[in-house]
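**Q** Starting off with a structure, shown below.
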Amino acid sequence: MLLFCWNIKDVKRYIVGRLPAVCIGLCIALSSLAAEPVPVASPHSNWVPLAQDGLHDPSNPRLDLLQNPAEALSLLPPDLEGNERSSVVGNRVKWVKALREGYINPRTNIYPETKIKVLDLDVMLTKRDTGELPRVLFPHKQHTEWLDCSNCHEWLFKSKTGATPISMFAILDGEYCGRCHGAVAFPLTQCQRCHSVPFAAQAPAKAQ
Ligand code: HEC
Ligand code: HEC
Ligand code: HEC
């Protein structure tokens, strides 16, 4: 691969040089997605019945023993956030809300001796001035209600703010937050759910 012939400086210059292009590209991609007619037939159009999902054997006579996704998911708080296209991705459930408001009550442990630790700690991931782009606040609480510390620490993220070299490139490539977001958690097209804190709100007030 080409990258192997480069030294670190060249790689950094390559990435930094392309950041503005990526941002502009993402913005254009998102706005053109929003402008395109979106194929939303009904609110349930992306809850494919098990017999048609390409995973279950439709000829299995006992497929009726399993619950179809629409039957269960339509009862939970809907996730219709973001642009219209992003509202048709994922399973369209606001899972954090479903948990908070008691729609679901998942079993926390199989073995009684397993300790559950919920950590209520928000981490501001963006340090620098990002101008118009809101900063990323990582909430531990909403994650540790579902996940164990070892799902992320120390292999994916260091237990020290700013110690992990997270970048949007890597995330879009399925690394860091992208290991789950876009796979089992809300998708990467919902920028504002991670980029949630306006830079101005954090900056020190200007002298009058
Ligand atoms: C979904 C992934 C995830 C899970 C699960 C998770 N963390 Fe974290 N944690 C992070 C990220 C991301 C950071 C910020 C890392 C960075 O900035 O380099 C962080 C940072 C931390 C920090 C440093 C905070 C600071 O102020 O410097 C501590 C301490 C920590 N985590 C403890 C825990 C503990 C204890 C648990 C389990 C109860 C846990 N984390 C579960 C992702 C996670
Ligand atoms: C190990 C899997 C995993 C990783 C890694 C992960 N998340 Fe999550 N995240 C989840 C799950 C599961 C939820 C809850 C389901 C949902 O909201 O889609 C969630 C929810 C959230 C929420 C929503 C909280 C709410 O109130 O609705 C935010 C914000 C978030 N994650 C940001 C991040 C950021 C930023 C990173 C990377 C630093 C990250 N996550 C990494 C699994 C993960
Ligand atoms: C799952 C959470 C998450 C989502 C969704 C997300 N981002 Fe990010 N983004 C991050 C994290 C974490 C960083 C790295 C920390 C930082 O520098 O802010 C980041 C960094 C960035 C950066 C700074 C450059 C870089 O590589 O560090 C840009 C620009 C950016 N994101 C744009 C976007 C856009 C546009 C979207 C929507 C298409 C988006 N992000 C969606 C979590 C997310």
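Position in the sequence shown (from 1) plus 1 gives the number in the numbering used here.
C-beta: ideal position from N, C-alpha, C; glycine also.
Could you tell me the alpha carbon to alpha carbon distance between V124 and R180, rounded to whole angstroms?
**A** As a working note, residue 124 is residue 123 in the sequence shown. As a working note, residue 180 is residue 179 in the sequence shown. Using only the alpha carbons, I get a separation of about 19 Å.
**Q** Across which residues does DSSP place A227 in a beta bridge pair?
**A** Any property of residue 227 remains undetermined from this structure, which presents the chain solely from 2 to 209.
**Q** According to DSSP, simplified to helix, strand and coil, what is N106?
**A** To locate residue 106, count along the sequence shown from 1; it is residue 105. The answer is coil: DSSP assigns N106 none of H, G, I, E or B.
**Q** Below 8 Å on the Cβ atoms is my contact criterion, and I expect H182 with L173 to pass it. Report the Cβ-Cβ distance as a whole number of Å.
**A** Translated into positions along the sequence shown, residue 182 becomes position 181. Translated into positions along the sequence shown, residue 173 becomes position 172. Not confirmed; about 10 Å, so no contact.
**Q** Considering only DSSP beta bridges, list what R136 is partnered with.
**A** For the purposes of this step, residue 136 is taken as the residue at position 135 of the sequence shown. BP columns for R136 point to V198.
**Q** Which residue comes first and which comes last in the alpha helix (DSSP H) that contains V97?
**A** Taking the first residue of the sequence shown as 1, we reach residue 97 at position 96. Its alpha helix (DSSP H) spans residues W96 to R101.
**Q** How about H141 and L120: do their beta carbons lie closer than 7 Å?
**A** For the purposes of this step, residue 141 is identified with residue 140 of the sequence shown, where counting begins at 1. For the purposes of this step, residue 120 is identified with residue 119 of the sequence shown, where counting begins at 1. Yes, the Cβ-Cβ distance between H141 and L120 is below 7 Å.
**Q** May I have the straight-line CA-CA distance separating R101 from G132, to the nearest angstrom?
**A** Counted from its first residue, the sequence shown places residue 101 at position 100. Counted from its first residue, the sequence shown places residue 132 at position 131. C-alpha separation (whole angstroms): 33 Å.
**Q** If you measure between the beta carbons of L51 and N69, is that distance less than 7 Å?
**A** Within the sequence shown, residue 51 is the residue found at index 50, counting from 1. Within the sequence shown, residue 69 is the residue found at index 68, counting from 1. Yes; because the gap between Cβ atoms is below 7 Å, this pair is in contact.
**Q** Taking the C-alpha atoms as reference points, what is the distance between K161 and Y112?
**A** Position 160 of the sequence shown, counted from the start, is the residue given in the question as residue 161. Position 111 of the sequence shown, counted from the start, is the residue given in the question as residue 112. Approximately 30 Å, taken between the alpha carbons.
**Q** For the beta strand (DSSP E) containing D123, list its first residue and its last residue.
**A** As a working note, residue 123 is residue 122 in the sequence shown. Here the beta strand (DSSP E) through D123 covers D123 to M125.
**Q** Considering F170, what are the terminal residues of the alpha helix (DSSP H) in which it resides?
**A** Reading the sequence shown from its first residue, position 169 is the one you call residue 170. Here the alpha helix (DSSP H) through F170 covers M169 to L173.
**Q** Rounded to whole angstroms, how far is the Cβ of P199 from the Cβ of P135, which I believe are closer than 8 Å?
**A** One-based indexing of the sequence shown puts residue 199 at position 198. One-based indexing of the sequence shown puts residue 135 at position 134. P199 to P135, Cβ: 5 Å. Contact.
**Q** Helix or strand or just coil, what does DSSP make of P70?
**A** Taking the sequence shown and counting its residues from 1, one reaches residue 70 at position 69. If DSSP states are grouped into helix, strand and coil, P70 belongs with the helices.
**Q** Is the distance from the Cβ of Y104 to the Cβ of L74 below 7 Å?
**A** As a first step, residue 104 must be located in the sequence shown, where it is residue number 103. As a first step, residue 74 must be located in the sequence shown, where it is residue number 73. No, they are not a contact pair.
**Q** May I ask whether a heavy atom of ligand 3 can be found less than 6 Å away from the beta carbon of T127?
**A** As a position in the sequence shown, residue 127 is number 126, starting the count at 1. Yes.
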